[in-house]
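For the sequence shown, full-length UniProt numbering gives the first residue as 1, with consecutive numbering after it. For every residue, glycine included, the Cβ atom is placed at its ideal position computed from N, Cα and C. Please read these numbers as outputs of a predicted model, since none were measured by experiment. A short write-up of the structure that comes next.
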Amino acid sequence: MKSYLKYKNLYASLVLLVILLFAFFLRLYGINWDQNQHLHPDERFLTMVTQAVSWPKSLSEYLDTNLSPLNPHNNNFGFYVYGTFPLFFVKAVAEFIGKADYNSLTLTGRLISATLDTLTAFLVFLITFKITKRWITSIFSLFIYTFSVLPIQLSHYFTVDPFLVFFSTLTFLLILHLKEHEKITSILLTSVLAGMSFGLAFASKIQVLLFLPTLLIGIILLPKKRDLLGILLSLSVFITSAFFSIRLAQPYLFAEDSLLSLKLNTKTLDNWKELNNQYSEKTYRDNISIYFPPATIFINAKDYLFPLENIILWGSGIPLGLTYIIALIFLSFKSLKHIQKSSNWPILLIIFWISYFFLYQGQVFAKYLRYFYIIYPFLSIVAALFLTELKGNKTGKFVTLLILLPTVIWALSFMSIYSRGHSRIKASEWIYRNIPAKSYLTHEHWDDMLPLCIKSHPCGNYYNHIELPLYDTDTEEKWIKIKEKLDKAEYIILSSNRLYGSIMTVPDRYPKTSKYFESLFDASLGFVKVAEFTSRPTIPFFRSICITPPWTWYGKIARKLQECDSDSISFVDDYADESFTVYDHPKVLIFKKTNENP
């Protein structure tokens, strides 16, 4: 019997290791997906800031908000809304390994993101095992998170989000650990570590504040010994530890260099207020001047339905996305039915966190898919708990296979975008080959200009570029100027679906610009499409098949001109939440002026 258990544990450990290695591979594969073009604007900004800041000479200088050379505000970056811990960490690692130049710094950041999200996958396994004490359920949760597309994609970026998700998930694991201790010293030590982890999550992205109520409830409910004094001590230690963690990892949130000072830095607060204004519904509905024009898409985006659609279709895939919903409903009823059992409280806490977060984030103005990344570890856990309930009979095993197999297929098909050249780079190569030098090419304000500088054509004045300010308010003056530019233009280049996708969701706000896009796509403007470049998730096949959701609305005008990749099954995500495609696989369209102009 002992030898059998030893063999079983060894087998389970090998399975765990193999899945973790595969998780790391999926997150690392194609790490230089844009070939040093820096096509993700948030990455670009973080790389520039990381290069610009420098290390202080002393702790007092480090803490001095007004003087520290590590403070972005002191390095000509007056608007900085991210946490500073990822900045410091990536800079330290990059300099330590000798990869601190502009290109290598971004790749180092991506490597760290891939590593952190792989560790998050391991945390998902540990949390599930701590709750259930079952290997199979824990392996299920690890497997589901490993093949979840949104974490895979965001692991390919040097952004603060992988830091946020790792440390918030670690904090939850540590609070679950309170359930195993009765000694006050162990409880307080765990509370210290949880506070430190929460502080690092906050110093990565302020979004973790939404997690705080769930964590505090966990500190109150989960310990075995729930006497009032112990709970108060644990809460006090957690909050104190979190404060000092934030104080050291995001020192420029504070105005003074004293470790005990609570006075906040008005520059940082003003940055956050400005960011809030940029994504305020009132700003977009009432103000003529728009802070961040691409967010126009959210003016008519349906609360809850828009993010739910993007989570199910793109962030997870339909079978897994639907499983999340069913699992949450099933586990809610089951856990509430046996609420007297303390073993169900961690599950209820996870359900509370997912539900609370979605109810909040699903109705705020900005509903980007990436904002829901923080609940993906916990969605994987509830899905695994539900699948474990199904595996007891043949039907349940078959249903489990019907869920997990398409999840793997969707993840692997998504990985195909990292196995080929970036669509903007391919479009640039085509432009250099097919469009005569000195031709007049348009580009849209608030989107990247093409062609890019590539090896065969380093930066130079090959073409005459004309910018179209299409996000400007629809006035007569705007269209007089744009008509003059179009008369001169020989090619119209759309480097993504950003403008036509968002503008055409509000035709009442942009009646003339919407009409312009309609005329462009039906060729009545006097331009015809001559090239299309996509990099969709694909599976090799003997014929071309495009699978497109029938209810698309974002950028749907392009559907009439949609092309299929050859010899593959393509999952057409051209109409997903723009942030899902615009960075690593945007759709590029090129139109050429005809002789029969209207």
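Please classify Tyr471 as buried or exposed, where buried requires at least 16 other C-beta atoms within 10 Å of its C-beta. As a first step, residue 471 is located in the sequence shown; it is residue number 471 there, counting from the start. With at least 16 other beta carbons inside 10 angstroms of its own, Tyr471 counts as buried.
Quick one: Cα of Ser496 to Cα of Arg509, how far? Here residue 496 is taken as the residue at index 496 of the sequence shown, counted from 1. Here residue 509 is taken as the residue at index 509 of the sequence shown, counted from 1. Their Cα atoms are separated by approximately 21 Å.
Span separating the alpha-carbon of Asp522 from that of Phe591: Locating residue 522 in the sequence shown gives position 522, where the first residue counts as 1. Locating residue 591 in the sequence shown gives position 591, where the first residue counts as 1. Spanning the two alpha carbons is a distance of roughly 11 Å.
Any C-beta of chain C under 8 Å from that of Thr552: The structure shown contains no chain C, having only a single protein chain.
Collapsed DSSP secondary structure at Glu532 in the structure displayed: Here residue 532 is taken as the residue at index 532 of the sequence shown, counted from 1. Strand.
Just how far apart, CA to CA, sit Phe24 and Leu260? The count along the sequence shown starts at 1 and reaches residue 24 at position 24. The count along the sequence shown starts at 1 and reaches residue 260 at position 260. So the alpha carbons of these two residues sit roughly 40 Å apart.
Phe414 and Ile152 look like a contact to me (Cβ under 8 Å); what is the Cβ gap, rounded to whole Å? Counting from one through the sequence shown, the residue named residue 414 turns up at place 414. Counting from one through the sequence shown, the residue named residue 152 turns up at place 152. With a Cβ gap of about 7 Å, Phe414 and Ile152 count as contacting.
Indicate whether the contact test is met: 3 or more Cβ pairs, each with one atom in the region 370-384 and one in the region 164-172, closer than 8 Å. yes
If you run the structure through DSSP and keep just helix, strand and coil, what is Tyr4? The sequence position of residue 4 within the sequence shown is 4, counting from 1. In this prediction, Tyr4 scores a pLDDT of 44, lower than 50, which makes its location untrustworthy; the coordinate-derived value is nonetheless stated afterwards. Looking at Tyr4 - three-state DSSP - the assignment turns out to be helix.
Taking its Cβ as the centre, do 16 or more other Cβ atoms sit within 10 Å of Val530, making it buried, or is it exposed? Within the sequence shown, the letter at position 530 stands for residue 530. Exposed is the call here.
Sort out for me which residues DSSP pairs Val192 with in a bridge. Here residue 192 refers to the residue found at position 192 when the sequence shown is read from its first residue. Beta-bridge pairing by DSSP links Val192 to no other residue.
Would you mind sorting Gln361 into buried or exposed? The rule is 16 or more other CB atoms within 10 Å of its CB. Here residue 361 refers to the residue found at position 361 of the sequence shown. Classification for Gln361: buried.
In this structure, what does DSSP give as the bridge partners for Thr400? Within the sequence shown, residue 400 is the residue found at index 400, counting from 1. According to DSSP, Thr400 bridges with nothing at all.
How big is the Cα-Cα spacing for Thr190 and Ser355? As a working mapping, residue 190 is identified with position 190 in the sequence shown. As a working mapping, residue 355 is identified with position 355 in the sequence shown. Distance between the alpha carbons of Thr190 and Ser355 is about 26 Å.
Determine the direct distance from the alpha carbon of Leu232 to that of Ala295, and round the result to whole angstroms. Working through the sequence shown from its first residue, we reach residue 295 at position 295. Working through the sequence shown from its first residue, we reach residue 232 at position 232. Roughly 43 Å separates the two Cα atoms.
Check this for me: beta carbons of Asp257 and Leu87, under 8 Å apart or not? Within the sequence shown, numbered from 1, the residue matching residue 257 stands at position 257. Within the sequence shown, numbered from 1, the residue matching residue 87 stands at position 87. Result no, Cβ atoms of Asp257 and Leu87 do not sit closer than 8 Å.
Classify Pro213 as helix, strand or coil using the three-state DSSP reduction. One-based indexing of the sequence shown puts residue 213 at position 213. The answer is helix: DSSP assigns Pro213 an H, G or I state.
Out of Ile350, Leu235, Ile217, point me to the one whose CA is closest to Thr128's CA. Walking along the sequence shown from the start, residue 128 turns up at place 128. Selected option, being the one with the closest Cα: Ile350.
Specify, as a first and last residue, the run of the alpha helix (DSSP H) that Pro549 falls within. As a first step, residue 549 is located in the sequence shown; it is residue number 549 there, counting from the start. No alpha helix (DSSP H) holds Pro549; DSSP gives it neither H nor E.
Could you check the C-alpha separation between Thr505 and Tyr554 for me, to the nearest Å? Reading the sequence shown from its first residue, position 505 is the one you call residue 505. Reading the sequence shown from its first residue, position 554 is the one you call residue 554. About 7 Å.
Does DSSP classify Val165 as helix, strand or coil? One-based indexing of the sequence shown puts residue 165 at position 165. Looking at Val165 - three-state DSSP - the assignment turns out to be helix.
Which residues does DSSP pair with Tyr440 in a beta bridge? Here residue 440 refers to the residue found at position 440 when the sequence shown is read from its first residue. Beta-bridge pairing links Tyr440 to Asn464.
For Ile131 versus Ile347, is the C-beta spacing smaller than 8 Å? One-based indexing of the sequence shown puts residue 131 at position 131. One-based indexing of the sequence shown puts residue 347 at position 347. Their beta carbons are under 8 Å apart, which means Ile131 touches Ile347 by this criterion.
Kindly indicate the opening and closing residues of the beta strand (DSSP E) around Tyr491. For the purposes of this step, residue 491 is taken as the residue at position 491 of the sequence shown. 491-494 is the extent of the beta strand (DSSP E) around Tyr491.
Taking all protein chains shown into account, decide if His585 is buried (16 or more other Cβ within 10 angstroms of its Cβ) or exposed. Position 585 of the sequence shown, counting from 1, holds the residue named residue 585. His585 is buried by the Cβ-count criterion.
For the beta strand (DSSP E) holding Ser570, just list the boundary residues, first then last. In the sequence shown, the residue the question calls residue 570 occupies position 570. Taken as a continuous stretch (DSSP letters only), the beta strand (DSSP E) holding Ser570 covers 568-571.
For Gly321 versus Pro406, is the C-beta distance shorter than 8 Å? Your numbering for residue 321 matches position 321 in the sequence shown. Your numbering for residue 406 matches position 406 in the sequence shown. Result no, Cβ atoms of Gly321 and Pro406 do not sit closer than 8 Å.
As assigned by DSSP and simplified to three states, the class of residue 599: Look at the range of the chain in this structure, 1 to 598, and you will see that residue 599 is not part of it.
Please say whether Tyr324 and Asp161 have beta carbons closer to each other than 8 Å? Within the sequence shown, the letter at position 161 stands for residue 161. Within the sequence shown, the letter at position 324 stands for residue 324. When the beta-carbon positions are compared, Asp161 and Tyr324 stay at least 8 Å from each other.
Identified DSSP bridge partners for Ile381: The residue given as residue 381 occupies position 381 in the sequence shown. DSSP output for Ile381 lists no bridge partner at all.
With respect to the beta strand (DSSP E) encompassing Pro540, which residues constitute its N-terminal and C-terminal limits? Sequence index remark: in the sequence shown, residue 540 carries index 540 (1-based). 538-540 is the extent of the beta strand (DSSP E) around Pro540.
Do Leu210 and Leu176 count as a contact pair if the criterion is CB distance below 8 Å? As a first step, residue 176 is located in the sequence shown; it is residue number 176 there, counting from the start. As a first step, residue 210 is located in the sequence shown; it is residue number 210 there, counting from the start. Note that the C-beta distance between Leu176 and Leu210 is not below 8 Å.
Please list the segments of the alpha helix (DSSP H) lying wholly inside the region 100-186, counting only runs of 4 or more residues, in order along the chain. 102-132, 135-146, 149-154, 161-177
Below 8 Å between beta carbons: does that hold for Arg134 and Thr538? Here residue 134 corresponds to residue number 134 of the sequence shown, with the count starting at 1. Here residue 538 corresponds to residue number 538 of the sequence shown, with the count starting at 1. No, they are not a contact pair.
Rounded C-alpha distance that separates Glu518 from Pro550: In the sequence shown, the residue the question calls residue 518 occupies position 518. In the sequence shown, the residue the question calls residue 550 occupies position 550. C-alpha separation (whole angstroms): 20 Å.
Between which residues of its own chain and Ile503 is the CB-CB distance below 6 Å, once the five residues before and five after are set aside? As a working mapping, residue 503 is identified with position 503 in the sequence shown. Closer than 6 Å at Cβ, skipping near neighbours: Tyr510, Thr513.
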